[in-house]
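*Asks:* Following this message is one structure expressed as structure tokens.
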Amino acid sequence: MHREIQKMREVALVYLDRSGGLQKFVQDCRKYNDSKQSYAVYRFIISINPSDIAELDATLGNYILHNPIPAAQIFQSVCFIAIKTLSLIEQLQTEAQISIQLKPTHLPSLPSYVLSLSAFPFHYTSQRFYMSEGIAIAMGTVTKYTQGARFLCTEETCPFSEGRFRYIRVHLPGATESATVRNDFLCSLCSSPLQEDMKFRVLGDKQIVEMIDAKVLNALKGYSNDKSHFRIQTFTVFLRDELANKMKIGNHYKIIGIPACVQNGLQATACIEVSSVQPCKPNGPSFVSDNFKYLLSLTSGSCWRFTAILANIFASQVVPPGTYNTLKLAILLSLVQTCEKENADYLDLLIMTSDTLVIDRLLNYSICLLPRGIRHPPSSEIFPSVSKDKHGTGSATIQACSAVLAKGGICYIGDLSSYRKDKLELLQSVLESRTTTVFIPGKKYGEEADQQVTISVQTNFWSFVDVDSSSKKHIQRNNFLIGQMDTSLIPPNLVDVFGLLIYNEFPLCQLSSPLVHHILKKAINPEAMLYKVSQQFRMQDYEEFILFAKNLPVELSSDAENLIQGYYLASRRVRRDSIHGSTLSASALKILISLSKAHTKLSLRKKVLEEDALIAILLLESSLTLKHGKSTLCIAPNPVFPFDLSDENSLQQRDSYLMQCYHQLLNFIGAYGPGIHINTKEE
Numbered sequence: 007m008h009r010e011i012q013k014m015r016e017v018a019l020v021y022l023d024r025s026g027g028l029q030k031f032v033q034d035c036r037k038y039n040d041s042k043q044s045y046a047v048y049r050f051i052i053s054i055n056p057s058d059i060a061e062l063d064a065t066l067g068n069y070i071l072h073n074p075i076p077a078a079q080i081f082q083s084v085c086f087i088a089i090k091t092l093s094l095i096e097q098l099q100t101e102a103q104i105s106i107q108l109k110p111t112h113l114p115s116l117p118s119y120v121l122s123l124s125a126f127p128f129h130y131t132s133q134r135f136y137m138s139e140g141i142a143i144a145m146g147t148v149t150k151y152t153q154g155a156r157f158l159c160t161e162e163t164c165p166f167s168e169g170r171f172r173y174i175r176v177h178l179p180g181a182t183e184s185a186t187v188r189n190d191f192l193c194s195l196c197s198s199p200l201q202e203d204m205k206f207r208v209l210g211d212k213q214i215v216e217m218i219d220a221k222v223l224n225a226l227k228g229y230s231n232d233k234s235h236f237r238i239q240t241f242t243v244f245l246r247d248e249l250a251n252k253m254k255i256g257n258h259y260k261i262i263g264i265p266a267c268v269q270n271g272l273q274a275t276a277c278i279e280v281s282s283v284q285p286c287k288p289n290g291p292s293f294v295s296d297n298f299k300y301l302l303s304l305t306s307g308s309c310w311r312f313t314a315i316l317a318n319i320f321a322s323q324v325v326p327p328g329t330y331n332t333l334k335l336a337i338l339l340s341l342v343q344t345c346e347k348e349n350a351d352y353l354d355l356l357i358m359t360s361d362t363l364v365i366d367r368l369l370n371y372s373i374c375l376l377p378r379g380i381r382h383p384p385s386s387e388i389f390p391s392v393s394k395d396k397h398g399t400g401s402a403t404i405q406a407c408s409a410v411l412a413k414g415g416i417c418y419i420g421d422l423s424s425y426r427k428d429k430l431e432l433l434q435s436v437l438e439s440r441t442t443t444v445f446i447p448g449k450k451y452g453e454e455a456d457q458q459v460t461i462s463v464q465t466n467f468w469s470f471v472d473v474d475s476s477s478k479k480h481i482q483r484n485n486f487l488i489g490q491m492d493t494s495l496i497p498p499n500l501v502d503v504f505g506l507l508i509y510n511e512f513p514l515c516q517l518s519s520p521l522v523h524h525i526l527k528k529a530i531n532p533e534a535m536l537y538k539v540s541q542q543f544r545m546q547d548y549e550e551f552i553l554f555a556k557n558l559p560v561e562l563s564s565d566a567e568n569l570i571q572g573y574y575l576a577s578r579r580v581r582r583d584s585i586h587g588s589t590l591s592a593s594a595l596k597i598l599i600s601l602s603k604a605h606t607k608l609s610l611r612k613k614v615l616e617e618d619a620l621i622a623i624l625l626l627e628s629s630l631t632l633k634h635g636k637s638t639l640c641i642a643p644n645p646v647f648p649f650d651l652s653d654e655n656s657l658q659q660r661d662s663y664l665m666q667c668y669h670q671l672l673n674f675i676g677a678y679g680p681g682i683h684i685n686t687k688e689e
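Pasting the structure below:
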């Protein structure tokens, strides 16, 4: 065995030399030596490429992967000899003072190296490297832990009572603070109690994170075609030193670490000591289905037909084709305008309806088309909250909630009128800033000072308001403007920060005959495919289409930008009153750009055209009419879908109508835009 250990030491030295690790080690030693300060423990990080080291020596490669703690001792011996031979750290006395952290760059892509709490058996007792992945759903504040400590014998006559670094305690994966530092250690020479020399204690940063399998997202959608059953359980990971604050709450990560079992009183917790953290970014599909490609080629003569047909046939499993077209188009636009970038173009939807059941089904169906579509359960919090750490440290833990878990997707929060005033005010603040702040009182959680943690909220919000509920709870005003709706149940500032306000086409008392037939047939046979388009354009096809479209890079053309700016400035001049000034908020320009880009993505193009800007303007003008009444532009009640789309003639008729809207818009900008000139198609 000694020969094998000696050979592995030689191979370890060769690997360090070839990989550049030895050069980095020498640089780290110089930093310690230049400080002229003695430490109980000198900590070094060694990056290990399992493929390279296994090619160099299979025995050592296997030893590192399956016995990482003893393998670290091999590198410890090599590093100690190097320090003494080259006189790298004058203060170092014993080999025990060296702490080696092996950090594998990756693990073999084999099932035996994957650790999942949703699968059995869970080998948390085998202290070797595993790979796991999940979503960070709770994060503790960064606290201190003991990396290493020096102990001295309390017997004054004992040789180990002073001077030498004989007794060194170093943190090992899975060890608690009491395992590293406690008061029941005995001297091996005289059996007297040992006492810690506090001035040599080395502290490091520690952060506790709760992770959960990404499959949990399927359970939070509220509706899914996936009938499989699986077990979901959180697992605890420890981020130490340079890895502290490497994770962000709500993000998806792949980790490599050593599992352990931490005892907290009578309770044992399975955890992972993390060695490396890598963010997981799902790649969208690089294709769309052949049926969508064929549909795109058929409608290539018009920039409006493809998206019109998409909206017309969308969600045929929930509502019949041709119904709720404006709402379905808005849903599709919001779906493709989702991403995890900091300053993304968001598109939130607020729907006024008296048919909450159908709308709820439609929105539930739609959020399932994204990997991160979350239906918020009313019993929980929408935004992050603070609680006490359950591992007994007494520190604060920030819990991720629906809005954070829906990062890069949709958070569907249900009926807006069911929330209390304070929740609505918080929602308004988040929609305005796209951030939420969590306050951590220091006194309550054992900290010297209070803390404020700002968390970005990168998701689109969907909600609806029951019009019938609004009329029952509030006395309706009589001074409504033409086209204006009663939104008095919701604070007006909150209504304004939602990107689009939409009123669905069918009141409860006038349900269309196709919708009634659809509901009755689905009640009798929920799995039935009632329409041919449901078979041609499946739910999976829409999932692939949306994931492809949302990742398309899009830029504004100068013509589209001029049209948007012209409409915005003209509307600010027209929509104003003597008390509040312009009723058009500053965010309207962002919403217009977001809508235009979304329509371009939905059309599978990369440049925003005037045709895209026109659809965006009509949708926003319709929304503004519901909020504030009609303006001088005076569009029809349902401007994007003025009539049913039954055949090619109706599509041609719609194109002609939209061109009339375009010329009407140019006249509006020319009349009310301050010195703006838009080039017409004829020019």
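So for the sequence shown, the numbering used here puts the first residue at 7; every next one is plus one.
Cβ atoms here follow ideal geometry from the backbone N, Cα and C, with glycine treated the same way.
What you are looking at is a predicted structure, and each value in this text was computed from that prediction instead of being measured.
Short of 8 Å in beta carbon distance, which residues of its chain neighbour L113, apart from the five on each side in sequence? Order them along the chain.
*Replies:* Cβ neighbours of L113 beyond the five flanking positions: P56, L71, Y119, F135, Y136, M137 and I262.
*Asks:* Going by the CB atoms, is the gap between S281 and P76 shorter than 8 Å?
*Replies:* Result no, Cβ atoms of P76 and S281 do not sit closer than 8 Å.
*Asks:* By DSSP, does N349 sit in helix, in strand, or in coil?
*Replies:* Here N349 sits in coil by DSSP.
*Asks:* By the three-class DSSP mapping on this structure, what secondary structure does A48 have?
*Replies:* First, the residue type needs correcting, since residue 48 is Tyr and not Ala in the sequence shown. Strand.
*Asks:* Checking 8 Å against the spacing of the C-beta atoms, do P216 and T240 come in under that value?
*Replies:* Sequence check: residue 216 is Glu here, not Pro. Against a cut-off of 8 Å, the Cβ pair of T240 and E216 comes out as a contact.
*Asks:* Of the residues K613, E617 and Y678, which one's Cα is nearest the Cα of D661?
*Replies:* The shortest C-alpha separation from D661 is found at E617.
*Asks:* By Cβ distance below 8 Å, which residues in the same chain neighbour I552 in space, the five residues on each side in sequence not counted?
*Replies:* Around I552: L338, L341, V342, L375 and L376.
*Asks:* Counting C-beta neighbours from all protein chains within 10 Å, is the total for K212 16 or more, i.e. buried, or is it exposed?
*Replies:* Buried, by the Cβ-count rule.
*Asks:* Can you tell me whether K478 is buried or exposed? The criterion is at least 16 other CB atoms within 10 Å of its CB, across all chains shown.
*Replies:* For K478, the pLDDT reaches just 48, beneath the cut-off of 50, and the residue's location in the model is therefore unreliable, leaving the point undetermined.
*Asks:* Which same chain residues, not among the five before or five after L66, have their C-beta less than 7 Å away from its C-beta?
*Replies:* So the qualifying residues of the chain are M14, V17, A18 and I59.
*Asks:* Could you please give the first and the last residue of the uninterrupted alpha helix (DSSP H) stretch that includes T606?
*Replies:* A594 to L608 is the span of the alpha helix (DSSP H), which, as asked, contains T606.
*Asks:* For M217, which three-state DSSP category applies?
*Replies:* The answer is strand: DSSP assigns M217 an E or B state.
*Asks:* Quick one: grab the DSSP three-state call for I238.
*Replies:* I238 falls in the coil class under three-state DSSP.
*Asks:* Scan the region 33 to 103 and note each continuous beta strand (DSSP E) run of 3 residues or more that stays entirely inside, going in chain order.
*Replies:* DSSP runs (the beta strand (DSSP E)) wholly in the region 33 to 103: 48 to 54.
*Asks:* Using 8 Å as the threshold, is the C-beta distance between R378 and K413 below it?
*Replies:* In contact: R378 and K413 (Cβ atoms closer than 8 Å).
*Asks:* In whole angstroms, give me the CA-to-CA distance for R544 and K538.
*Replies:* About 10 Å.
*Asks:* For the ligand ADP, is there a heavy atom less than 7 Å away from the beta-carbon of T100?
*Replies:* Looking at this structure, you won't find the ligand ADP or any other ligand, since it has none at all.
*Asks:* Figure out for me which residue from V324, S194 and L632 has the closest Cα to the Cα of V522.
*Replies:* For V522, the nearest C-alpha among the options comes from V324.
*Asks:* Throw me the rounded Cβ distance for the V410 and I446 pair, which I believe falls under 8 Å.
*Replies:* That pair is no contact at about 16 Å.
*Asks:* Over what stretch of residues does the beta strand (DSSP E) that includes M137 continue unbroken?
*Replies:* Start and end: Y136 to G146.
*Asks:* Using only CA atoms, which one of Y418, I143 and L639 lies nearest to I461?
*Replies:* It is I143.
*Asks:* Ends of the alpha helix (DSSP H) at Y300?
*Replies:* It spans D296 to L304 - the alpha helix (DSSP H) in which Y300 sits, taken as one unbroken run.
*Asks:* How is the alpha helix (DSSP H) around P326 delimited, first residue to last?
*Replies:* Looking at the DSSP string, P326 is not in any alpha helix (DSSP H), and its letter there is neither H nor E.
*Asks:* Could you give the first and the last residue of the continuous alpha helix (DSSP H) run that contains A155?
*Replies:* Where A155 is concerned, there is no enclosing alpha helix (DSSP H), although the beta strand (DSSP E) it sits in stretches over T149 to C159.
*Asks:* Hey, would you say V283 sits closer than 8 Å to L249, going by beta carbons?
*Replies:* It is a contact, given that the beta carbons lie within the stated cut-off.
*Asks:* Label H177 either buried or exposed according to how many other C-beta atoms from any shown protein chain fall within 10 Å of its C-beta, with 16 as the threshold for buried.
*Replies:* Classification for H177: buried.
*Asks:* May I ask which residues mark the beginning and end of the alpha helix (DSSP H) holding Q464?
*Replies:* Run containing Q464: none; DSSP gives neither H nor E here.
*Asks:* Less than 8 Å between the C-beta atoms of L356 and V501, yes or no?
*Replies:* Result yes, Cβ atoms of L356 and V501 sit closer than 8 Å.
*Asks:* Any idea what DSSP makes of C5, helix, strand or coil?
*Replies:* No information on residue 5 is available, as it lies outside the stretch 7 to 689 that the chain covers here.
*Asks:* Going by beta carbon distance, what residues of the same chain come within less than 8 Å of K556, once the five residues before and after it are set aside?
*Replies:* Contacts found: G290, L341, V342, Q343, T344, C345 and K607.
*Asks:* Applying the criterion that 16 or more other CB atoms from any shown protein chain within 10 Å of the CB defines a buried residue, is K527 buried or exposed?
*Replies:* That one is exposed.
*Asks:* Whole angstroms are fine: how far does the CA of Q546 sit from the CA of F512?
*Replies:* Residue placement at F512 cannot be trusted, given a pLDDT of 48 that sits under 50; what the coordinates show is reported in the next sentence. Cα to Cα, F512 sits roughly 28 Å from Q546.
*Asks:* Alpha carbon to alpha carbon, how far is D63 from S25? Give it in angstroms, no decimals.
*Replies:* Near 14 Å, if we compare the C-alpha coordinates of D63 and S25.
*Asks:* Measuring only the C-alpha atoms, how far is R172 from E101?
*Replies:* Roughly 10 Å between the two C-alpha positions.
*Asks:* Taking A576 and F674 to be in contact with their CB atoms under 8 Å, please state how far apart those CB atoms are, rounded to whole angstroms.
*Replies:* Rounded, the Cβ-Cβ distance is 6 Å, consistent with contact.
*Asks:* Here's the rule I'm using: 16 or more other beta-carbon atoms within 10 Å means buried, otherwise exposed. How should P32 be labelled?
*Replies:* Residue 32 is actually Val in this sequence, not Pro. Classification of V32: exposed, given that the 10 Å Cβ count is below 16.
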